[in-house]
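Asker: Numbering (the numbering used here), first residue to last: 1 to 278. The structure is given below, and queries will be raised subsequently.
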Ligand SMILES: C[S@@+](CC[C@H](N)C(=O)[O-])C[C@H]1O[C@@H](n2cnc3c(N)ncnc32)[C@H](O)[C@@H]1O
């Protein structure tokens, strides 16, 4: 276990998500809320990063391995909230490359190594790959119980410069349970499975973080009071900030110490959000 920071409610572990989770005891967290690197979206500049696999199948296999270890660490009545964006196969000329905005949060695109464009693993160019559902089916095959497909609708999504399809304005948030009897705090407002949440830019991180409202909702519904929340792709610590606000413990893992520093500053300053959406 490589502890980068620890205080009375939060622990930040530095290193690879699978390797660090391997050091956590069975059933030691009550809820997992996370947004892994999306397929082919960006280069975080860190050796060992996920998301640059050479095909969708290879990416799905990476995610399957991550969530196999996460499942061991999760309590039997715990839940996993998995935020994933989709990807388009690049055309050879790259006509889709500036447009896919895989997570809808950025148009900064990275090409998987050696693929000459976003590799669809045999799919025709310009095709929507269906990454979130491919990962969801793999997790189902591994024993996860898929309980919800929540659509995160972004009212302020930037229009994509495309002329032959609709612009993408949503991402997926899957809720999985480890066993048929998961702990759950029913939403008194019955908000249903389409959540309209504006994205919030966070220039300090050079990547878009999810709005804190998203982990706030997941943790309120899926983590018992006093429990512990894990984010194996902690980034700037948005899940950790939400966990602190709700009085839950937090374990965050990331490869990049600079992102943990952002999270530490955020925790110390009580910065839970980054102001109004633009
Ligand atoms: C989409 S960002 C997460 C953003 C986060 N939700 C936030 O609010 O800031 C994905 C994160 O995964 C990290 N990452 C990439 N590959 C990793 C790996 N193999 N193990 C652990 N972290 C990894 C990146 O450094 C990045 O911070």
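A virtual CB, placed ideally from N, CA and C, is assigned to each residue, including glycine. Remember, it's a predicted structure, so these values are computed and weren't measured experimentally.
Check whether the Cβ atoms of residue 182 and residue 79 sit closer than 7 angstroms, and answer yes or no.
Answerer: In the chain shown, the residue the question calls residue 182 occupies position 182. In the chain shown, the residue the question calls residue 79 occupies position 79. It is a contact, given that the beta carbons lie within the stated cut-off.
Asker: Mind checking residue 236: buried by the 16 CB within 10 Å criterion, or exposed?
Answerer: By 1-based counting over the chain shown, the position of residue 236 is 236. Flag for residue 236 reads buried.
Asker: Based on Cα-Cα distance, which residue from 131, 75, 177 lies nearest to residue 228?
Answerer: Walking along the chain shown from the start, residue 228 turns up at place 228. With distances taken between Cα atoms, residue 228 lies closest to 75.
Asker: Say yes only if the C-beta of residue 213 is nearer than 6 angstroms to one or more non-hydrogen atoms of ligand 1, and no if none qualify.
Answerer: Within the chain shown, residue 213 is the residue found at index 213, counting from 1. Residue 213 Cβ: outside cutoff for every heavy atom of ligand 1.
Asker: Look up residue 90 in the DSSP assignment and say whether it is helix, strand or coil.
Answerer: Stepping through the chain shown from its first residue, residue 90 is reached at position 90. Residue state, collapsed to three classes: coil.
Asker: Three or more C-beta pairs under 8 angstroms: does that hold for the region 233–251 against the region 15–35?
Answerer: They touch, by the three-pair rule.
Asker: Strictly by DSSP, which residues pair up with residue 11?
Answerer: In the chain shown, the residue the question calls residue 11 occupies position 11. Paired residue(s): 6, 251.
Asker: Going by beta carbon distance, what residues of the same chain come within less than 7 angstroms of residue 185, once the five residues before and after it are set aside?
Answerer: Within the chain shown, numbered from 1, the residue matching residue 185 stands at position 185. If we look at residue 185 and ignore the five residues flanking it on each side, its Cβ neighbours are 220, 221.
Asker: Look up residue 193 in the DSSP assignment and say whether it is helix, strand or coil.
Answerer: Taking the chain shown and counting its residues from 1, one reaches residue 193 at position 193. Three-state DSSP puts residue 193 in coil, outside helix and strand.
Asker: Can you tell which of 12, 209, 162, 143 has the C-alpha that lies nearest to the C-alpha of residue 84?
Answerer: By one-based count along the chain shown, residue 84 stands at place 84. Per the Cα distances, 209.
Asker: Go through the region 129–176 residue by residue and report every complete run of the beta strand (DSSP E) that reaches 3 residues or more, in order.
Answerer: List check, beta strand (DSSP E) in window: 145–153.
Asker: Quick check: is any heavy atom of ligand 1 less than 6 angstroms from the C-beta of residue 210?
Answerer: Your numbering for residue 210 matches position 210 in the chain shown. Yes; taking the cut-off as 6 angstroms, the Cβ of residue 210 has a heavy atom of ligand 1 nearer than that.
Asker: Would DSSP call residue 17 helix, strand or coil?
Answerer: The count along the chain shown starts at 1 and reaches residue 17 at position 17. Three-state DSSP puts residue 17 in a helix.
Asker: Please state the DSSP three-state secondary structure of residue 108.
Answerer: On the chain shown, position 108 is the one that residue 108 refers to. Annotation note: pLDDT 33 at residue 108 (below 50); position unreliable, no value reported.
Asker: Hey, could you find the ends of the beta strand (DSSP E) residue 31 is sitting in?
Answerer: Counting from one through the chain shown, the residue named residue 31 turns up at place 31. Taken as a continuous stretch (DSSP letters only), the beta strand (DSSP E) holding residue 31 covers 29–34.
Asker: Measure the C-alpha to C-alpha separation of residue 24 and residue 10 and round it to an integer number of angstroms.
Answerer: Counting from 1 along the chain shown, the entry for residue 24 is found at position 24. Counting from 1 along the chain shown, the entry for residue 10 is found at position 10. Cα to Cα, the separation comes out at about 14 angstroms.
Asker: In the DSSP assignment, find the unbroken alpha helix (DSSP H) run with residue 46 in it and report its ends.
Answerer: Here the question's residue 46 lines up with position 46 in the chain shown. Premise fails: residue 46 is in no alpha helix (DSSP H) and is neither H nor E.
Asker: Looking at the unbroken beta strand (DSSP E) that takes in residue 74, where does it start and where does it end?
Answerer: Working through the chain shown from its first residue, we reach residue 74 at position 74. Looking at the DSSP string, the run of the beta strand (DSSP E) that includes residue 74 is 74–84.
Asker: Using DSSP's beta-bridge definition, name the partner residues of residue 230.
Answerer: Residue 230 sits at position 230 when you count from the first residue of the chain shown. Answer is 32, 251, bridged to residue 230.
Asker: Measuring only from the beta carbon, is residue 82 closer than 6 angstroms to any heavy atom that is part of ligand 1?
Answerer: Working through the chain shown from its first residue, we reach residue 82 at position 82. Checking the Cβ of residue 82 against ligand 1 gives no.
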